[in-house]
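Using the working numbering, the first residue of the sequence shown is number 1, and each one after it goes up by one.
C-beta atoms are modelled at their ideal positions from N, C-alpha and C, and glycine is treated no differently.
Just so we're clear, the structure is a prediction, and the values are computed from it rather than from any experiment.
Only one structure is covered here, and it is reproduced in the block below.
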Amino acid sequence: MGAAIEKNKGLRVSFPYFGSYTHIIGEIAHEVGWELIIPSPPSKRTVELGVKYMNELMCYPAKVTLGSLIEAAERGATDVFTFTSCGSCRQKAYWVLQGEVLKRLGYKTTVHPITLGIHSISEICALDSSLSRWKATRIFFGTLREIKKFDDLNYPEISDCSAQPKIGVVGEIYTILEPAVNMNLFEKLRKMDVLIHNSLPLSYFVFKIFYEMGVIKRKDIDIKVLKEAEEKAKKYFPIKTIGGHGKEAVIYTIYYALKGFDGVIHLLPFPCMPESTVASILDGISEDYNLPVLRLVFDEHSGEAGVDTRLEAFVDILKRKKRGRNGKGILRA
Ligand code: SF4
């Protein structure tokens, strides 16, 4: 965004680390003129803190983000944002639980829910009465532009004909977008010489309503095929929503099958209600469309070596299948 940093207004603001988007989101604080405590990437300690103070029945993202907020409070944050959603999943309760934990631990840090969407403008204004709505709107849309630019660069369109295997990634959004949670999955896959398509870049989450209205388009998506996938998804999952991005996981798995992808990776944190609900539906789609689906579940007990082995085996199978299909090799079971 690049505007000058204004004078410090006494707020020391932070938020949970959020992968490559962390610095883009952090610019909001700079632009408003708050002192920013830039969160650190989640470490083993971050996870341990979250696991220690969040109820074990809560999902892994709630624990990792709590650990990140505790570390921000330790570094003197007076106010922290935590991302919430207007959807029907328990992410919208994270801020309540996290605020309670910080209070019990004796921090004076206030937790503010921030919706990653059009409501953000009012929520940011509410946090700082000296901020005009016009300025908040300008900052908000500037941030969105940067997020979109980042996504367009990092998740480009994938050509229909490619010699490399094409893999689509579906699942819970934080697990997809936070490398510390998915154990650097995208980086690992890129090194394995495959093409990856992310069904849920952050810009899609934020702009969803505009995409659905057709006001803006996702360059990396074949909209005609996506509409077809939405229709076919009704047969498998005739429910409007299950919360989180469970419905999207169903639609995009079909989309990838229709687009001739070689495989799908389904990412979910434990114990994620929407993603575990649709897991068996994805298995059915995998069978019907002959599309391999690898499911990876992450929590504090996940071991990187196990994830690596499964990824390597999956990619190896896809490569052998692809060679077989192209007539350049023999496919053995
Ligand atoms: S989508 Fe899954 S991980 Fe996210 S809040 Fe809901 S249950 Fe938790």
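Report yes or no: do the stretch 174-191 and the stretch 40-49 share at least 3 C-beta pairs separated by less than 8 Å?
Yes, since at least three Cβ pairs between the stretch 174-191 and the stretch 40-49 fall closer than 8 Å, the two stretches touch.
What first and last residue would you give for the beta strand (DSSP E) that runs through serine 14?
Run containing serine 14: 12-14, per the beta strand (DSSP E) assignment.
Closest by C-alpha distance to valine 264, when choosing among Val293, Tyr255, Glu248, His245
Nearest option by C-alpha distance: Val293.
Can you name, in chain order, every residue of its own chain whose Cβ lies under 7 Å from the Cβ of lysine 232, other than the five neighbours on each side?
For lysine 232, where only same-chain residues beyond five positions count, the Cβ hits under 7 Å are Ile254.
Once DSSP output is grouped into helix, strand and coil, what is the label at histidine 266?
Three-state result, histidine 266: strand.
Keeping to the same chain, check which residues put their C-beta closer than 7 Å to that of serine 159; ignore five residues upstream and five downstream.
Cβ within range, chain order: n/a, list empty.
Please return the same chain residues whose Cβ sits closer than 6 Å to the Cβ of methionine 54, not counting the five positions on each side in sequence.
These residues qualify, in order along the chain: Ala62, Lys63, Leu66.
Indicate, with yes or no, if ligand 1 has a heavy atom lying under 6 Å from the CB of proline 42.
The answer is no for proline 42.
Could you tell me which of Phe210, Met192, Ile221, Leu185 sits nearest to serine 199, measuring between CA atoms?
The shortest CA-to-CA distance from serine 199 to any of Phe210, Met192, Ile221, Leu185 is the one to Ile221.
Which residue spans inside the stretch 82-151 form an unbroken beta strand (DSSP E) run of at least 3?
If we require 3 residues or more, the beta strand (DSSP E) runs fully inside the stretch 82-151 come out as 110-115.
Taking the alpha-carbon of alanine 249 as reference, which of Gly171, Met58, Ala77, Gln91 has the nearest alpha-carbon?
Distances from the alpha-carbon of alanine 249 to those of Gly171, Met58, Ala77, Gln91 put Gly171 closest.
Between the CA atoms of glutamine 98 and valine 111 - distance to the nearest angstrom
When rounded, the distance between both Cα atoms is 7 Å.
Given this structure, state the Cα-to-Cα distance separating glutamate 365 from aspartate 151, to the nearest angstrom.
Lying before the first or after the last residue shown, residue 365 is absent from the chain, which here runs from 1 to 333.
Output needed for tyrosine 17: all residues of its chain with C-beta closer than 7 Å, excluding positions within five of it in sequence on either side, in chain order.
Correct list, in chain order: Pro39, Ser40, Pro41, Pro42, Ser68.
Does the Cβ-Cβ distance between isoleucine 37 and alanine 77 come in under 7 Å?
Closer than 7 Å, so yes.
Kindly provide the ranges of any alpha helix (DSSP H) runs that are 4 or more residues long and lie completely inside the stretch 292-328, ordered along the chain.
Runs found: 304-325.
Given that a residue counts as buried once 16 or more other Cβ atoms are within 10 Å of its Cβ, and exposed if not, what is valine 96?
Result: exposed.
Taking all protein chains shown into account, decide if threonine 82 is buried (16 or more other Cβ within 10 angstroms of its Cβ) or exposed.
Answer is buried; the Cβ neighbour count reaches 16.
Given a threshold of 16 other Cβ atoms within 10 Å of its Cβ, counted over all protein chains shown, does serine 286 qualify as buried or as exposed?
With 16 or more other CB atoms across the displayed protein chains lying within 10 angstroms of its CB, serine 286 is buried.
So isoleucine 173 and histidine 245 are supposed to be a Cβ contact under 8 Å. How far apart are they, rounded?
Right, their Cβ atoms sit about 6 Å apart.
In the stretch 191-274, which residue ranges form an unbroken alpha helix (DSSP H) of at least 4 residues, counting only runs that do not cross its ends?
Here the runs fully enclosed are 202-213, 223-236, 246-258.
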